[in-house]
Each structure stands twice: as C-alpha cells, then as structure tokens.
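This report refers to the structure that appears directly beneath it.
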Amino acid sequence: MTLEVANLTAGYGPLKVLHGLSCSVPTGSMLAVVGANGAGKSTLLRAINGLIPASGEVTLDGESILGVPTERMARRGLAHVPENRLVFPGLSVRDNLVLGAWSNPRNPPLDETLALFPRLATRLSQAAGSLSGGEQQMLALGRALMSRPRAIILDEPSIGLAPKIVIEIMDVLARLRDSGGLSILLVEQNLSAAFRVVDRAIVVAHGRVVLEGSPEELMSAPEVRQAYFGGLDAGSP
C-alpha cells in the first residue's frame, strides 16, 4: 500500500514544526527519514497517525487518512511503532500481542509474528516490563504486526539497543518489506543500520526535506553529515 505525504504542515499549538513536507513510500519499499534532533522526524509520524493536527495531504493507496482519529488508523491499514517501545509493562507478552490485534480479532497472526521473533515465543507468559530493551522493541513491532498492517511507521527502533539486536530488527523489517509487500517509513538516527536495508532516504532539517536519494547517494553527500549533526540550513541546495 503506497503511503503518500504531500505538503504536510504540523506542529504543537502556535509552534509549527513541519513546513510543507512531502515524501512517498511505494508498496513494498522502505524509506528512511534522517536528520538532527528537533528536525521534525517524530512530528511527521505523529501527524501521519493523527496524534496532532496537520494540514496538507496524507493518503494510503489514494485514500485520504488526514484527520482520521488515531484509534481508527489500524483499521485503515496503518500501524505506528512509537519511540521507546511503550509496551504495557504489567501485561504478559501474549496479552501485549493480543491487544495489537484489536482491529483484527478474528484472524490474529500470532504464529506468523512469533516466527519473526522466536525470542518472544519462549516468553509469552512473562511480563513485558521484565524483558530486555531489545525484546521490548521486538514486542512493540510484533504488536503492530498483529493488526495485519499494509503500512508501518516506526520511530527510532534502534535507540538504546545493542548492535546485534539492531541488525536483527532491521533484518526483520527488510523481510517484511520483501515478503509482505509492506510500505515502511522508518525514522532513524542510526544511519549505518538504516541505510543497510532501506531503498531510499530523505534528510529533514527544520521541518523540510533538504535532500533525498538512495543510501549510496546520500552517504556520499557531504551535506548528510552536516544535516545529521544539525548544521544544514533548510535553504541550502
């Protein structure tokens, strides 16, 4: 399912963070959103998922979802994996996963999800709060997959994780894209991890897209380092 964002403007009260941002994630592809802290990356995901007011256009396969209440997004085929996992710590791993299927209660893909994350299969009765950070990230992604989404947006899935776990999670995302035809929008600070698996990337600074291209093209651009560390001005070429 193609996720299209066009001329998106959003912020918090009078503070505007996004200024006409546009990007596209075709079916079966993965797009990385990179940039310095405060560039607007997380705000982009919140605006797409209806967590904050926004203007412009957001569509899934041509159907507008801008303004759709957040609680209805899963039924439209969009899943959001937020920063810092936000699992329910007092509930079991199984219950966390089952909650992810609330929009798809008749056909929850529990076995498929556990096949992607074998570690979770051995911890179904364990409290989610007792899992390691990496296992909680797997659980957050698994919970999102339980709704059988057609597009997934993820916010910093590698944050605070060991490099080995980051590779595992990125490999799962690549498998989902390749085998399930998902559209994946990935906000990520870990350029080396993200650029290993994504098809294209955009660099965001001051709420605008300032560069875009393949990972190879962007890694060879000196502006990427400047943008990543907050030194690229939105007016730069």
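Sequential numbering from 23 applies to the sequence shown in the numbering used here.
Cβ atoms here follow ideal geometry from the backbone N, Cα and C, with glycine treated the same way.
Shortest Cα-Cα distance from Asn212 to any of Ala223, Ala173, Ser46 and Glu134 involves Ala223. Segment contact: the stretch 131–138 against the stretch 164–176, three or more CB-CB distances shorter than 8 Å; contact assigned.
Inter-residue distance for Leu108 and Glu85 is about 29 Å (C-alpha atoms, whole angstroms).
Glu210 and Gln159 have their alpha carbons spaced roughly 14 Å apart.
Ala184 and Ile191 have their C-alpha atoms spaced approximately 11 Å apart. For Ile70, the enclosing alpha helix (DSSP H) covers residues Lys63 to Ile70.
One thing to note: Thr31 has its Cβ no nearer than 8 Å to the Cβ of Ala101. For the set Val232, Pro111 and Lys186, the Cα lying nearest the Cα of Gly42 is the one of Val232. For the stretch 67–119, the continuous beta strand (DSSP E) assignments of 3+ residues that do not extend past its boundaries occur at 76–82 and 100–103, in sequence order. Spanning the alpha carbons of Lys38 and Gly60 requires a straight line of approximately 12 Å.
For Ala215, the CB contacts under 6 Å within the same chain, skipping 5 residues up- and downstream, are Ser180, Val188 and Met192 in chain order. Of the other Cβ atoms in all chains shown, 16 or more fall within 10 Å of the Cβ of Glu178; this residue is therefore buried.
Our two residues, Glu239 and Ser46, have alpha carbons roughly 18 Å apart in a direct line. Listed in chain order, the non-local C-beta contacts of Leu176 below 6 Å within the same chain comprise Val103 and Leu208, local neighbours out to five positions each way being set aside.
Contact between Thr24 and Asp83 holds, since their C-beta atoms are separated by about 6 Å, short of 8 Å. Judged by their CB atoms, Arg172 and Ser201 are not nearer to each other than the 8 Å cut-off. Under the criterion of beta carbons closer than 8 Å, Ala227 and Ala58 qualify as touching, at roughly 7 Å.
Pro36 counts as exposed, since fewer than 16 other C-beta atoms from the protein chains shown sit within 10 angstroms of its C-beta.
The alpha carbon of Ser125 has as its nearest neighbour, out of Ser51, Arg97 and Phe110, the alpha carbon of Arg97. Under the DSSP definition of a beta bridge, Ser51 lacks any partner.
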